[in-house]
Amino acid sequence: MSTLHTVNKSPFERANLQSCLGHAQDGDCVLLMEDAVVAAMAATALAPKLADAAQSVKIFVLGPDLKARGLDPAGVADGIGVVDYDGFVDLAAESSAVHAWL
Amino acid sequence: MEEEFEGGIVKKFMFVNRKAPYGTVYALEVLEMVLISAAFDQDVHVAFLDDGVYQIKKGQDTKDLGHKNFSPTYRALEGYDIEKLFVERESLEERGLSEADLLVDVEVVSRAEMAKLMGEMDVVMTA
Amino acid sequence: MKFGILVNEGPYNHQASDSAYRFAKAAIDKGHQIFRVFFYYDGVLNATKHSDPPSDDRNVVKNWQKLAEDHHVDLVVCVAAGMRRGIVEDSLAPGFRISGLGQLIEAGIQADRMVTFGD
Chain A
100 MSTLHTVNKS PFERANLQSC LGHAQDGDCV LLMEDAVVAA MAATALAPKL ADAAQSVKIF
160 VLGPDLKARG LDPAGVADGI GVVDYDGFVD LAAESSAVHA WL
Chain B
6 MEEEFEGGIV KKFMFVNRKA PYGTVYALEV LEMVLISAAF DQDVHVAFLD DGVYQIKKGQ
66 DTKDLGHKNF SPTYRALEGY DIEKLFVERE SLEERGLSEA DLLVDVEVVS RAEMAKLMGE
126 MDVVMTA
Chain C
538 MKFGILVNEG PYNHQASDSA YRFAKAAIDK GHQIFRVFFY YDGVLNATKH SDPPSDDRNV
598 VKNWQKLAED HHVDLVVCVA AGMRRGIVED SLAPGFRISG LGQLIEAGIQ ADRMVTFGD
């Protein structure tokens with residue numbers, strides 16, 4: 100079974116997301132939450148990197164954290180799924196373990 | 006996956022260290038978690054990667070800070086039957102460190118090996 | 538499914554405790570069980586009965602307290618982390634209890650999934 104990785108830091112500030120993507124296995128899920136949601140937007144300079152990662156892992160972003168930061172879920176990059184807390188719970192339940200990249 | 010023994014459930018635990026010591030309390034308190042876990046007869050793994058490799062750097066001297074130097078405790082883990090310590094080679098290299106800089110016997114593994122190991126765990130504890 | 542939750546940060550510096558609370562609430566609403574919420578590091582500050590946020594802000598301590606009341610969620614504060622930060626038996630809001638770090642490891646063993654919220 101796959102692991103759910105959670106990341107809560109902006110990649111513009113810290114290396115958590117980079118480290119997470121460097122360790123996630125094919126088929127794992129990555130959830131961007133809290134300050135990490137900025138990484139989900141299609142318009143950022145990091146979008147190509149995320150698109151590349153999305154070839155092997157499934158990337159999700161927490162919608163309530165996007166909205167709180169004034170980021171429109173419609174602007175999220177293709178291939179990244181928007182979930183709410185229910186979706187977060189489902190992702191955790193469907194994975195074999197949850198790894199928080201703090 | 007977890008296995009049932011006569012004593013109960015044995016899970017694969019990994020304590021992941023990615024932060025340097027002293028700047029924040031996380032390294033010390035993860036070490037406390039590792040020590041307590043020894044009492045539960047679980048399959049315990051301890052990983053050092055990213056800035057976590059500095060936790061096991063030789064020669065730590067905290068006298069001028071007034072902090073307790075807790076680094077010798079990593080060497081004591083063996084006495085608690087916690088022997089599965091892993092450090093990531095790429096993390097060492099990126100920081101200009103090598104195995105000779107470390108104060109405890111650890112298995113040096115590649116990033117890919119570390120990633121695979123992480124994927125085998127039932128419980129991953131981080132801070 | 539049984540979830541264990543670890544909260545590593547205090548109530549008002551960081552979103553971690555809010556995220557953990559939203560996750561716990563969503564899990565319960567979906568019919569899952571929260572085996573235990575363990576408060577460690579500055580997370581022990583989530584348990585203080587002396588917290589008194591302004592009325593236009595959310596009350597993080599009360600949120601946890603109500604979750605414990607309504608759903609019998611076990612809220613455990615680490616004794617050693619609490620003592621360092623002045624969180625002792627007398628400081629606790631209703632619904633919280635103090636115990637050892639072993640309760641976190643036990644949650645890891647007993648719960649089907651352990652989910653960590655921190656910095």
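Going line by line, the protein sequences match chains A, B and C. With the first letter of the first sequence counted as 1, position 23 gets the number 122 in our numbering; the numbers rise by one all the way through. With the first letter of the second sequence counted as 1, position 111 gets the number 116 in our numbering; the numbers rise by one all the way through. With the first letter of the third sequence counted as 1, position 30 gets the number 567 in our numbering; the numbers rise by one all the way through. Glycine residues also receive a C-beta, built at the ideal position from the N, C-alpha and C atoms.
Per DSSP, which one or two residues make a beta bridge with residue i?
{"i": "N22 (chain B)", "result": "B:F53"}
{"i": "A199 (chain A)", "result": "A:T105"}
{"i": "I635 (chain C)", "result": "C:V614"}
{"i": "K148 (chain A)", "result": "Partner(s): none; K148 (chain A) has no beta bridge."}
{"i": "L161 (chain A)", "result": "A:V182"}
{"i": "Q640 (chain C)", "result": "Q640 (chain C) pairs with nothing; no bridge assigned."}
{"i": "L131 (chain A)", "result": "A:V106 and A:V160"}
{"i": "G111 (chain A)", "result": "For the sequence presented, residue 111 (chain A) should be read as Phe rather than Gly. Looking at the DSSP assignment, F111 (chain A) forms no beta bridge with any residue, so it has no partner."}
{"i": "T78 (chain B)", "result": "BP columns for T78 (chain B) are empty, so no partner."}
For residue i, count neighbouring C-beta atoms within 10 Å of its own C-beta (all shown protein chains included) and say buried if the count is 16 or more, exposed if not.
{"i": "M651 (chain C)", "result": "buried"}
{"i": "L135 (chain B)", "result": "Missing from the structure shown is residue 135 (chain B); chain B here goes from 6 to 132 and no further."}
{"i": "A81 (chain B)", "result": "exposed"}
{"i": "E546 (chain C)", "result": "buried"}
{"i": "F663 (chain C)", "result": "Any question about residue 663 (chain C) goes unanswered here, given that chain C covers just 538 to 656."}
{"i": "M620 (chain C)", "result": "exposed"}
{"i": "T29 (chain B)", "result": "exposed"}
{"i": "F111 (chain A)", "result": "exposed"}
{"i": "E98 (chain B)", "result": "exposed"}
{"i": "T67 (chain B)", "result": "exposed"}
{"i": "R595 (chain C)", "result": "exposed"}
{"i": "V111 (chain B)", "result": "buried"}
{"i": "D127 (chain A)", "result": "buried"}
Quick check on DSSP: helix, strand or coil for residue i?
{"i": "E125 (chain B)", "result": "coil"}
{"i": "G541 (chain C)", "result": "strand"}
{"i": "Q65 (chain B)", "result": "coil"}
{"i": "M38 (chain B)", "result": "helix"}
{"i": "D491 (chain C)", "result": "What is shown of chain C runs 538 to 656, which leaves residue 491 (chain C) out entirely."}
{"i": "D48 (chain B)", "result": "strand"}
{"i": "V188 (chain A)", "result": "helix"}
{"i": "G121 (chain A)", "result": "helix"}
{"i": "K89 (chain B)", "result": "strand"}
{"i": "M119 (chain B)", "result": "helix"}
{"i": "M140 (chain A)", "result": "strand"}
{"i": "G13 (chain B)", "result": "strand"}
Would residue i pass as a contact of residue j if the rule is Cβ separation under 8 Å?
{"i": "K63 (chain B)", "j": "L107 (chain B)", "result": "yes"}
{"i": "S628 (chain C)", "j": "K586 (chain C)", "result": "yes"}
{"i": "Q65 (chain B)", "j": "N74 (chain B)", "result": "yes"}
{"i": "L198 (chain A)", "j": "M119 (chain B)", "result": "The sequence as given places His at residue 198 (chain A); Leu does not occur at that position. For H198 (chain A) and M119 (chain B), no; Cβs fall outside 8 Å."}
{"i": "M132 (chain A)", "j": "S194 (chain A)", "result": "no"}
{"i": "V581 (chain C)", "j": "A630 (chain C)", "result": "no"}
{"i": "I646 (chain C)", "j": "K89 (chain B)", "result": "no"}
{"i": "A176 (chain A)", "j": "A141 (chain A)", "result": "yes"}
Give me the chain F residues within the contact set of residue i, using Cβ-Cβ distance strictly less than 8 Å, ordered along the chain.
{"i": "A618 (chain C)", "result": "Looking at the structure shown, chain F is missing, and the protein chains on hand are A, B and C."}
Does the contact criterion of 3 or more C-beta pairs under 8 Å hold for the segment 150 to 165 of chain A versus the segment 131 to 138 of chain A?
yes
Taking one C-beta from the segment 176 to 191 of chain A and one from the segment 552 to 563 of chain C each time, how about it: are there three or more such pairs within less than 8 Å?
yes
Would you call the segment 627 to 643 of chain C and the segment 546 to 560 of chain C in contact, with 3 or more CB pairs under 8 Å?
no
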